[in-house]
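Okay, so here's the structure we're looking at.
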Amino acid sequence: MKNLANLNNLELQKFFSSFDYVLSDVDGVLWNFLDTIPGTQETIKSLKKIGKKVIIVSNNTSKSINFYHHELTRAGFDVDKDEIVTPTLAIISYLKKQDLKDKEVFVLGMTPLKGSLEKAGFKLAQNEPDRIEESHSAFGAHTIPDDEKVGAVVADVDINLNYVNLQKAATYLERPEVLFVKGAADCHLPVGWNKSLIGPGYFTNILEDKTNRKGVPMAKPSPFLHEYIVEKYQIGDPSRVLFVGDSIPSDMGFAAESKYQKLLVFSGATGKNVLKEWDFPHEYKPDYYADSLKSLNDCILRTFACKL
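Residues 1219 to 1526 (our numbering) are what the sequence shown spells out, left to right.
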């Protein structure tokens, strides 16, 4: 693990010549709760000026690609729509490769995910109402009957998730031919230092335990997301990719599994103390670390000052 700020000029030249692509997380790297982290816009511009292909990769399916593009552009980031990836795109790509024919998709997820699936041509199965009569008979009537038209269940973040729809998903998944796809599987969603929300992982775990099945993961650190990115951007050599993230399990884990180079920044979910108190798989250790993405821009200015 090397501190990016401590690399000398020769080491920096070697570093920048070692990758062609930069994959960057969003929350904790570019911004925190839409509050832009200082210097990040300039870093993205500088990376492009020195010939690097920049791709934004978020695990958040609760926001559409259009939303991300609008907010990133509004915040001053030089990013095209085609340079933004979320698990939603990987889910759509995966489902299109399956033999769903005219089957419907039952979604435990939020409106942007559902809208993207519909726009991609998938017919969505009807979710159960938010409230039903509080009786065993009513619960059974809404959850026990199967629907042969359903061919896939997609589970992700759903702030309106309820017991009825969770059981409905479990009912569909009792049929082994029904596809089971999941997005982000985090059990804890960071919302600030030492604070987190209940993540979707707890609910997908319930489905997996109940049905004795494992959902196909489509979010970091899933290999399916890596495969989608490699195919979409025609990346021949994963070792020529630098992944920048603030989370060790999802970001550094994703980079390790994908054979990318790893840059950990301390502007989001992870503090510097983690380097001395390492409690993760050895292969998740970052190749480089920095206070924030701005440190990467400082290194670019030192190395390519005459070209910028």
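By construction, the Cβ of each residue, glycine as well, lies at the ideal position given by its N, Cα and C atoms.
Chain-order list of residues whose beta-carbon lies under 7 angstroms from that of residue i (same chain, five-residue window excluded)
{"i": "residue 1414", "result": "1406, 1407 and 1408"}
{"i": "residue 1325", "result": "1331, 1332, 1335, 1342 and 1372"}
Assigned secondary structure, residue i (DSSP; H/G/I helix, E/B strand, else coil)
{"i": "residue 1322", "result": "strand"}
{"i": "residue 1252", "result": "coil"}
{"i": "residue 1560", "result": "Residue 1560 is absent from the structure shown; the chain starts at 1219 and stops at 1526."}
{"i": "residue 1270", "result": "coil"}
{"i": "residue 1369", "result": "strand"}
{"i": "residue 1244", "result": "coil"}
{"i": "residue 1362", "result": "coil"}
{"i": "residue 1264", "result": "helix"}
{"i": "residue 1401", "result": "coil"}
{"i": "residue 1435", "result": "strand"}
Residues of its chain near residue i, where Cβ-Cβ distance is below 6 angstroms and the 5 sequence neighbours each way are ignored
{"i": "residue 1259", "result": "1294 and 1295"}
{"i": "residue 1322", "result": "1341, 1343, 1367 and 1368"}
{"i": "residue 1505", "result": "1479 and 1480"}
Backbone CA spacing between residue i and residue j [nearest angstrom]
{"i": "residue 1458", "j": "residue 1315", "result": "28 angstroms"}
{"i": "residue 1431", "j": "residue 1468", "result": "22 angstroms"}
{"i": "residue 1464", "j": "residue 1275", "result": "12 angstroms"}
{"i": "residue 1429", "j": "residue 1267", "result": "50 angstroms"}
{"i": "residue 1379", "j": "residue 1302", "result": "27 angstroms"}
{"i": "residue 1251", "j": "residue 1286", "result": "12 angstroms"}
{"i": "residue 1493", "j": "residue 1282", "result": "34 angstroms"}
{"i": "residue 1374", "j": "residue 1243", "result": "18 angstroms"}
{"i": "residue 1400", "j": "residue 1269", "result": "35 angstroms"}
{"i": "residue 1338", "j": "residue 1230", "result": "43 angstroms"}
{"i": "residue 1246", "j": "residue 1487", "result": "6 angstroms"}
{"i": "residue 1421", "j": "residue 1513", "result": "38 angstroms"}
{"i": "residue 1437", "j": "residue 1271", "result": "21 angstroms"}
{"i": "residue 1241", "j": "residue 1350", "result": "45 angstroms"}
Terminal residues of the alpha helix (DSSP H) in which residue i lies
{"i": "residue 1428", "result": "1419-1429"}
{"i": "residue 1522", "result": "1511-1522"}
{"i": "residue 1451", "result": "1441-1451"}
{"i": "residue 1414", "result": "From DSSP, residue 1414 is part of no alpha helix (DSSP H) but of the beta strand (DSSP E) over 1413-1416."}
{"i": "residue 1471", "result": "1471-1476"}
Endpoints, the beta strand (DSSP E) within which residue i is located
{"i": "residue 1483", "result": "1479-1483"}
{"i": "residue 1222", "result": "Careful: residue 1222 lies outside any beta strand (DSSP E) and carries neither H nor E."}
{"i": "residue 1379", "result": "Run containing residue 1379: none; DSSP gives neither H nor E here."}
{"i": "residue 1506", "result": "1506-1508"}
Cutoff 8 angstroms; reference residue i; Cβ partners in own chain excluding five residues on either side
{"i": "residue 1453", "result": "1239, 1447 and 1459"}
{"i": "residue 1484", "result": "1464, 1490, 1507, 1508, 1509 and 1510"}
{"i": "residue 1395", "result": "1369"}
List in chain order: all unbroken alpha helix (DSSP H) runs of 4+ residues lying wholly within the segment 1325-1358.
1329-1337
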